[in-house]
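To start, the structure under review is shown below, and the notes come after it.
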Amino acid sequence: RFDPALIVIACNTASSVALPALTRAVDVPVVGVVDSGVRAALAATRNGRIGVIGTAATVRSGGYERGLRAARADLTIVAAPCPLLVPLVEEGWIDHPVTRHVVGEYLAPLLAADIDTLILGCTHYPLLKPVLTAVAGPGVSLIDTGEATAREVAAGLPDPAAPSVRPATHRFFVSDDPARFE
Numbered sequence: 487r488f489d490p491a492l493i494v495i496a497c498n499t500a501s502s503v504a505l506p507a508l509t510r511a512v513d514v515p516v517v518g519v520v521d522s523g524v525r526a527a528l529a530a531t532r533n534g535r536i537g538v539i540g541t542a543a544t545v546r547s548g549g550y551e552r553g554l555r556a557a558r559a560d561l562t563i564v565a566a567p568c569p570l571l572v573p574l575v576e577e578g579w580i581d582h583p584v585t586r587h588v589v590g591e592y593l594a595p596l597l598a599a600d601i602d603t604l605i606l607g608c609t610h611y612p613l614l615k616p617v618l619t620a621v622a623g624p625g626v627s628l629i630d631t632g633e634a635t636a637r638e639v640a641a642g643l644p645d646p647a648a649p650s651v652r653p654a655t656h657r658f659f660v661s662d663d664p665a666r667f668e
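For the sequence shown, the working numbering assigns the number 487 to the initial residue and increments by one for each residue that follows.
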């Protein structure tokens with residue numbers, strides 16, 4: 487009813503689980519974050535060993551693994567659900583000893599597998615980039631799926647200065663506490 491030009495499903499879980507159904511349900515292009523994250527990870531990896539962290543539902547869906555394997559069957563992919571990270575971010579414990587410890591526990595098996603690329607399969611996780619980088623080390627490229635999607639969407643949109651393009655409007659709808667969103 488808002489006549490959007492494009493819908494971006496920015497949640498990794500929704501993109502992993504519901505994107506095909508959402509695409510069929512509307513007559514507007516729908517983009518999810520998984521495909522963009524896959525493309526960014528494929529471009530970043532040097533050794534073909536990619537880690538994926540996300541919510542339990544995102545990891546369980548296998549969306550990232552399917553996308554990566556469809557492009558390169560020879561990849562080693564290690565995925566791990568990280569259920570404590572979202573509450574830590576929402577609590578504001580971005581740089582907290584507990585957060586650093588939890589990140590270390592979650593990343594240990596992925597780092598033991600010698601990954602060189604880590605897909606941040608949850609929109610909360612980019613807020614933890616400094617901690618993730620400190621734990622993973624400089625040799626591991628972090629893939630922010632939201633950032634990768636934003637770049638691809640921006641590249642595909644018409645020039646906003648073009649006479650045929652209507653002025654952009656922004657409306658934000660949240661399914662949680664609006665004050666926390668602000």
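We treat Cβ as the ideally placed atom computed from N, Cα and C, and that holds for glycine.
| Query | Result |
| --- | --- |
| Burial state of Thr531, where buried means 16 or more other Cβ atoms lie within 10 Å | buried |
| For Arg535: DSSP bridge partner residues | Thr562 |
| Integer Cβ distance of Ala500 from Val524, believed to fall under 8 Å | Going by Cβ atoms, the distance from Ala500 to Val524 rounds to 16 Å, so no, they are not a contact pair. |
| Where Ala491 falls, given that 16 or more other Cβ within 10 Å makes a residue buried | exposed |
| Sub-9 Å separation of Thr509 and Val503 beta-carbons | no |
| Beta-carbon contacts of Pro644 that lie in its chain and below 6 Å, excluding the five residues immediately before and after | Val651 |
| Cα-Cα separation between Ile580 and Asn498, rounded to whole angstroms | 20 Å |
| Limits of the unbroken beta strand (DSSP E) element including Gly607 | Thr603 to Gly607 |
| Residue environment, Ala527, which counts as buried when at least 16 other CB atoms sit within 10 Å | buried |
| In DSSP terms, what Ser627 is bridged to | Thr603 |
| Host alpha helix (DSSP H) of Val524 (start-end) | Val519 to Ala530 |
| Through-space distance from Pro567 to Arg552, alpha-carbon basis | 16 Å |
| Outcome for Val545 when other beta-carbon atoms lying within 10 angstroms are tallied against a minimum of 16 | buried |
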